[in-house]
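All residue numbers for the sequence shown refer to the numbering used here, where the first residue is 8 and numbers rise by one.
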Amino acid sequence: MKKDKIIINKKEKGDYLLLIAVTMLAIIGTVFIYSASNYSAEATYNDPFYFVKKQIVGIILGVACMLFTANFNFNKLKKFTLPISMLSVVLLCLVFIPGIGVENYGAKRWIGFFGVTLQPSEIAKFSLILFSAHYISNNKEKLKNFYGIIPILLYGGLLCLLIILEPNMSITVCVGLLMICLLLVGGMKIKYFIFMLIPAVVAGVCLIIAEPYRLSRLMAFINPWSNPKGEGYQLLQSLYALGSGGWFGVGLFSSRQKYAFLPFAESDFILAVIGEEIGFIGLIGFFALLFFIILRGLRIASKAENTFGFLLAIGVTLIFGIQTVINALVVTGSIPPTGLPLPLVSSGNTSIIIFMSEMGILYNISKSKKLTF
C-alpha cells in the first residue's frame, strides 16, 4: 500500500551568511562612495562627507527594515499585495504632479515631502515581485494559456508605462525583464515568450527613435570617440578609470577620475572608481561577493516551503542580479550607457532601503524548510 507523503514545515535559524554578505557589501559601498564623492561633495556642498552621511542614514533605515522583514512571516505579505500594488501606482503618478514631483537632470523620477525624496520606481520593482508571486501561486494552472498571464502583463505594463514617462528607460528595462523572467519561472510557455518578444523589441526601437538623447547614447556606445566631449564622454571616462586600475589598482582613495572627470562617480558609475582603485584582481573578489548573494538567493528559493516563497525569493534574487549585470555591462561599455545603480553599493537611499528590506524577506524565507516523509 502506497503511503501518503507528510510535509512538515520546520523552522530553522535562517541563512546568516546572506545577512553577513549584504552588510559587508553595504559597508564596502559606503567606503567607495566616500572615495568617489569626497572631492565633488566638497566642491558642491562644502562637505566631503555629504553623500556618505546620506548613505549612512539609508543603511541605518535599511538595516531596521531588514531586521523587521527578517522576522515578519513572509506568507503574511499576501495580505498586503493589493495595497502595495496600488500604492506603487499612486506614487509613480505623483512624480508628475507639480510641487510633489522632483525634477533632476531633465527627468521626474522622485517625489519630495518636507525635504525628503523618494524614488517610486524602486518600490515598483518589489510591488511587481509581490503581485506576480501572489497571483502565480494562486493560479499556477492558468499560466498554461495566454489569458492566464494577462493580469501580470497588465500590471507590469502599467508600471513600465509610468516609469518610461518619467523618463527612465533603464528601470523600465529592468521591470520588463523581471516580469518576463517571473512568468517563465512561474510556468509560462516559451511560445508566449516569443510572442511577447517581437512587440517588445519593436517598442524598444520606437522608444530609442522617439527621444533624440536615447539615439545619441546609442551612437555614443557604437563609437564614443565620435563625440568625446558630449554623449561619449561618460563612457570614455569610465573606460579610462578601469584601464588605469590595471591588475591591482591605483590604491584605495587614490582614484583620479573622481576629480570631476567621471560624472555620477558615487552612483551609477561607482564600479568604474572601484575598478580603478582595486584593479582587476580586486574586482574579482568584489564580484565574488555580489554573486555569493545571488547564489544564496537561488539556494533559498530552491528550499522555500511553498510556491509563494519560491517566487518571492526568485524575484528578489532576479532583480538584484539583473541590476548588477546591467550596471557592470554599462560601466564596461558592453551595452549602451544608461543610469542604473549598483545594488547595495551605489549612493541612493530609496534603493538601499528597498534592497535591504528584500534581503530580510529572503532571510525570512530561509528560516522555513520542507521536510518530506
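By construction, the Cβ of each residue, glycine as well, lies at the ideal position given by its N, Cα and C atoms.
Being a predicted model, the structure only gives us computed values, none of them experimental.
Whether residue i touches residue j by CB criterion (9 angstroms)
i: residue 162; j: residue 47; result: no
i: residue 371; j: residue 69; result: no
i: residue 157; j: residue 139; result: no
i: residue 366; j: residue 337; result: no
i: residue 286; j: residue 255; result: yes
i: residue 130; j: residue 361; result: yes
i: residue 290; j: residue 281; result: yes
i: residue 279; j: residue 245; result: yes
i: residue 283; j: residue 262; result: yes
i: residue 326; j: residue 165; result: no
i: residue 288; j: residue 81; result: no
i: residue 364; j: residue 73; result: yes
i: residue 189; j: residue 199; result: no
Bridge-paired residues (DSSP) for residue i
i: residue 123; result: 120
i: residue 108; result: 118
Beta-carbon separation (whole angstroms), residue i vs residue j, contact threshold 8 angstroms
i: residue 147; j: residue 315; result: Actually they are not in contact, since the Cβ atoms of residue 147 and residue 315 sit about 11 angstroms apart, beyond 8 angstroms.
i: residue 318; j: residue 144; result: 6 angstroms
i: residue 59; j: residue 41; result: 5 angstroms
i: residue 195; j: residue 150; result: 5 angstroms
i: residue 301; j: residue 258; result: Residue 301 to residue 258, Cβ: 29 angstroms. No contact.
i: residue 99; j: residue 128; result: 7 angstroms
Residue i versus residue j - alpha carbon distance
i: residue 292; j: residue 106; result: 44 angstroms
i: residue 13; j: residue 24; result: Its pLDDT being 37, under 50, residue 13 is placed unreliably by the model, and nothing is read from it.
i: residue 381; j: residue 114; result: The requested residue 381 does not occur in the structure, where the chain is confined to residues 8 to 380.
i: residue 152; j: residue 352; result: 40 angstroms
i: residue 373; j: residue 126; result: 29 angstroms
i: residue 187; j: residue 54; result: 43 angstroms
i: residue 380; j: residue 306; result: Unreliable placement is indicated for residue 380, whose pLDDT of 28 sits below 50; the coordinate value is still reported in the next sentence. Taking the straight line joining both Cα atoms gives about 21 angstroms.
i: residue 168; j: residue 120; result: 24 angstroms
i: residue 110; j: residue 71; result: 29 angstroms
i: residue 207; j: residue 44; result: 37 angstroms
i: residue 356; j: residue 303; result: 24 angstroms
i: residue 242; j: residue 333; result: 14 angstroms
i: residue 83; j: residue 132; result: 19 angstroms
Selection from the options that minimises the alpha carbon distance to residue i
i: residue 61; options: 346, 29, 36; result: 36
i: residue 95; options: 333, 278, 118; result: 118
i: residue 250; options: 369, 110, 340; result: 340
i: residue 247; options: 238, 258, 264; result: 264
i: residue 31; options: 329, 301, 297; result: 297
i: residue 274; options: 182, 331, 79; result: 331
i: residue 210; options: 253, 171, 199; result: 171
i: residue 266; options: 33, 26, 51; result: 51
i: residue 347; options: 253, 182, 76, 83; result: 182
i: residue 375; options: 311, 354, 334, 77; result: 311
i: residue 192; options: 321, 122, 101; result: 321
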